[in-house]
Amino acid sequence: MAAPVSAGTRLQPQPLDPPARLRWYGVVVVALAFVPFVAPADVAATATRILALALLAVSLDLLVGVGGMPSLGQAAPFGVGVYAAGLTARELTPFAPVQVLVAVAAGALLSALLGWLVVRSRGTYLLMLSLALAELVHTLAGKWDALTGGTNGLVGVPALTFAPGGEPVRLAGLVYWWVLAVAVVGFLVVVVVSRSAFGRSLRGIRDNEARMSSLGYSTFRVKYTAFVISGAVAGLAGALWMAQTRFASPEDLGFHVSAFALLAVVIGGRGSLWGAVLGAALVGVIRDEFGPQLGGRGPLLLGIAFIAAVYLLPHGFAGLRLRRARTQGHP
Amino acid sequence: MLTWLGANYITMIDGVALGVLLFTIALGLSLVFGVMDVLNLAHGALYLIGAYVAVQVLGGGSASLLAFAGAGVLALLIGGLAGAGLSVMTRPVARRGHLDQALLTLGVALVVADLLSAAFGNDVKSIDPPTAFAGSTSLLGDAYPTYRLVVIAVGLLLAIGAYVLIERTRVGALVQASVADAPMVRALGVDTGRLVTGVFAAGGGLAALGGVLGAPILSAYPGLDTRVLILGLVVVVIGGLGSVTGALVGALLIGQVETLGVSLLPTYASFLVFGTMALVLLVRPSGLLATGRSA
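From first to last, the protein sequence lines stand for chains A and B. According to my numbering, the first sequence holds residues 1 to 331 in order. According to my numbering, the second sequence holds residues 332 to 626 in order.
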């Protein structure tokens with residue numbers, strides 16, 4: 001096989017040819033599908049939330065790793081997706097696919113609005129702008145009592161149903177399978193986008209925007225489209241989060257959610273989408289399992305993880321693998 | 332117009348006081364950003380350190396002016412050291428791009444904020460203004476807290492000092508030159524490393540001093556660091572990078588939006604900061620008073 005590692009795929013090692021990669025995806029999904037059989041309900045619930053956060057990290061990786069747009073505000077479309085799904089379930093119908101579609105539309109719409117400003121900037125300015133805009137949306141969610149329930153959060157969300165007017169699904173395992181199935185679809189959408197011609201032009205812009213521009217690409221349009229797609233997937237992740245928690249609070253749009261997703265992307269390795277999934281799983285387990293044991297010192301742990309990741313894992317897990325492959329002489 | 336002013340000028344003066352506090356945050360943020368191209372997400376934490384220094388030194392009773400000044404100097408020193416430390420920490424990853432440096436300062440911010448909440452608890456800690464300024468002053472017939480007027484005066488003095496330093500001295504010229512084109516300044520033989528550490532330290536000290544100054548008005552509590560950081564970022568976006576005047580104008584504008592806007596249009600309060608920023612970005616993408624390169 002020996003896929004050559006060219007300049008354009010610097011942070012995107014491709015050591016497996018597509019069929020092998022697909023086989024691995026299949027093995028992982030089948031393994032994940034067995035979780036409800038072997039684990040108690042609370043573990044399945046935690047795993048459900050981690051799946052939602054993993055999809056959020058993947059959506060952010062499309063922006064940061066593939067598109068070179070370091071956003072600190074991915075919590076905004078995610079949180080809007082959470083609220084959109086919750087409101088749809090409560091006011092319209094608990095039928096699960098409708099919630100998902102509304103959340104995707106809401107995430108895309110918000111990103112279309114914010115992206116109009118954010119995509120024009122780059123580098124440090126983009127970091128700053130995305131953070132400021134997301135925090136303003138966060139504040140808004142806390143204050144718009146009539147729609148969001150304010151700081152009390154959105155309560156009274158019914159359990160989802162798999163048929164219009166059907167039985168509410170309360171088993172943690174069934175919710176988990178639904179979330180797993182939708183998350184896999186979301187992940188594959190991002191993979192397909194990233195491997196398409198569009199994804200290649202996006203990487204080209206990341207690596208050399210001036211050249212892509214002079215080749216005749218409308219770099220704004222490509223980046224803007226990527227921003228909206230990423231927001232739609234983040235909104236989808238929000239709907240999955242809502243499927244399990246059935247509660248939304250302004251904190252779902254908070255800076256900690258953006259930081260969490262970014263940490264997952266950085267630990268996993270920017271631009272390698274599966275790395276973001278791995279990173280989210282690791283960070284999620286650390287936060288949910290070890291954080292409480294340390295007496296609520298979660299932010300401390302998260303902060304140390306950030307510092308360690310920046311110094312020790314410049315290219316994340318994917319980078320470790322790339323370096324090993326290189327030192328062994330690529331197979 | 333006059334009756335409108337008469338009804339609202341107290342709120343507007345409140346806005347000026349908030350504005351000068353925001354200026355102490357935004358100037359450091361803007362210069363570190365401008366000179367080093369680093370988004371320092373730990374800047375809000377430095378402000379919070381200053382606020383807790385005030386709580387630690389002055390908490391529990393009214394403090395004399397001397398004790399207050401002592402707390403200010405202590406905060407200036409701690410903030411300066413912390414800023415210099417951040418500059419040293421970010422240096423090894425300087426070549427790796429914006430995201431890594433921002434993430435590093437984000438990690439530091441999370442650690443500092445968590446340690447502060449472990450040390451001081453999660454309650455809102457408020458402190459009294461120094462005894463000399465504890466009362467109120469008659470202002471056009473209305474009583475107004477003297478301390479806020481003092482904050483405005485001190486803040487404007489800081490702004491003038493910073494302006495003179497940046498616009499009228501050799502060091503200031505080097506800082507401005509580094510904002511515009513850091514590699515060129517390096518090529519001219521200037522030790523930009525020391526310059527950067529100096530700017531980082533000055534920005535950190537100023538933010539921590541702002542924390543002491545603002546403690547009697549904004550109190551100190553977990554989460555305040557994020558609030559001032561976000562407002563500081565909005566100020567920098569509005570004012571433009573690396574400009575003292577821009578930071579001041581932006582800070583005063585956001586101060587008004589946060590107080591006058593909230594009092595006049597409570598329903599739309601949360602849209603106002605957002606709307607102001609979006610409007611400025613659409614009209615002048617690199618800020619109202621940007622110097623040097625654009626974003």
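We put the CB at the ideal spot given by N, CA and C, even for glycine. Predicted model only: the values in this text are computed from it and were never measured.
| Asked | Found |
| --- | --- |
| Short CB-CB distance (under 7 Å) between B:A578 and chain A | no |
| Segment limits, beta strand (DSSP E) that includes B:T468 | 467 to 470 |
| Unbroken alpha helix (DSSP H) run spanning B:D319, endpoints | Nothing can be reported for residue 319 of chain B, as the shown portion of chain B is limited to 332 through 626. |
| Alpha carbon of A:L72 to alpha carbon of A:V265, nearest angstrom | 12 Å |
| Cross-chain neighbours of A:R203 in chain B, by beta carbon under 9 Å | Per Cβ cutoff of 9 Å: no residues; A:R203 is ~16 Å from chain B at best. |
| Cα-Cα separation, A:V257 to A:L131 | 12 Å |
| Alpha-carbon spacing of B:V502 relative to B:V366, whole angstroms | 12 Å |
| Outcome for B:M515 when other beta-carbon atoms lying within 10 angstroms are tallied against a minimum of 16 | exposed |
| Cβ of A:T124 within 7 Å of any chain B Cβ | yes |
| Chain-ordered neighbours of B:V439 on chain A, where CB pairs are closer than 9 Å | G303, F306, I307 |
| Span separating the alpha-carbon of A:P70 from that of B:L430 | 6 Å |
| Chain A contact for B:D454 (CB, 7 Å cutoff) | no |
| Cβ separation of A:V119 and A:F220, assumed to be a contact under 8 Å, to the nearest whole Å | 6 Å |
| Beta-carbon gap between B:V551 and B:I380 smaller than 7 Å | Here residue 551 of chain B is Ala; the residue named in the question, Val, does not match the sequence. No, the pair does not count as a contact, with Cβ atoms beyond the cut-off. |
| Opposing strand residues paired with B:A474 [DSSP bridges] | B:S469 |
| The alpha helix (DSSP H) enclosing B:Y383, as first and last residue numbers | 374 to 389 |
| Test: B:D445 CB closer than 7 Å to a CB of chain A | yes |
| Near-chain A residues of the segment 601 to 619 of chain B (beta-carbon distance less than 8 Å), N- to C-terminal order | S601, F602, V604, F605, M608, A609, L612, L613, P616 |
| Same chain, Cβ closer than 7 Å to B:L487, five either side skipped, listed in chain order | V351 |
| Nearest-angstrom beta carbon gap, B:A532 and B:F354 [assumed within contact, 8 Å] | Rounded, the Cβ-Cβ distance is 18 Å, inconsistent with contact. |
| CA nearest to the CA of B:A609, picked from A:R200, A:R49, A:T88, A:W116 | A:W116 |
| Near-chain A residues of the segment 397 to 430 of chain B - C-beta to any C-beta below 7 Å | V424, R427, H429, L430 |
| Same chain, Cβ closer than 7 Å to B:L362, neighbours up to 5 away in sequence not counted | V506, V530, G534, G573 |
| Residues near A:L60 in its chain [Cβ-Cβ closer than 6 Å; skip 5 each side] | Q74, A261, V265 |
| Same chain, Cβ closer than 6 Å to A:V58, neighbours up to 5 away in sequence not counted | F187, V190, L273, A276 |
| Neighbouring residues, chain B, relative to A:R297 (Cβ below 9 Å) | D445, A449 |
| Chain A contact residues for B:A382, given Cβ-Cβ distances below 9 Å | Ordered by position in chain A, no residue passes the 9 Å Cβ test against B:A382, which lies about 18 Å from the chain. |
| Helix, strand or coil at A:F306 according to DSSP, with G and I counted as helix | helix |
| Whether B:G618 touches B:G571 by CB criterion (7 Å) | yes |
| Where A:P250 sits in the DSSP three-state scheme | helix |
| Neighbour flag for A:P250 against chain B, beta carbons, 7 Å | no |
| Contact between the segment 590 to 600 of chain B and the segment 334 to 345 of chain B (3+ Cβ pairs under 8 Å) | yes |
| Pairwise C-alpha distance: B:S467 and A:F78 | 47 Å |
| Cβ of B:I585 within 7 Å of any chain A Cβ | no |
| Endpoints, alpha helix (DSSP H) assigned at A:G79 | 75 to 87 |
| Beta-carbon proximity list for B:V386, same chain, < 7 Å, skipping 5 on both sides | F451, K456, I458, A546, A551 |
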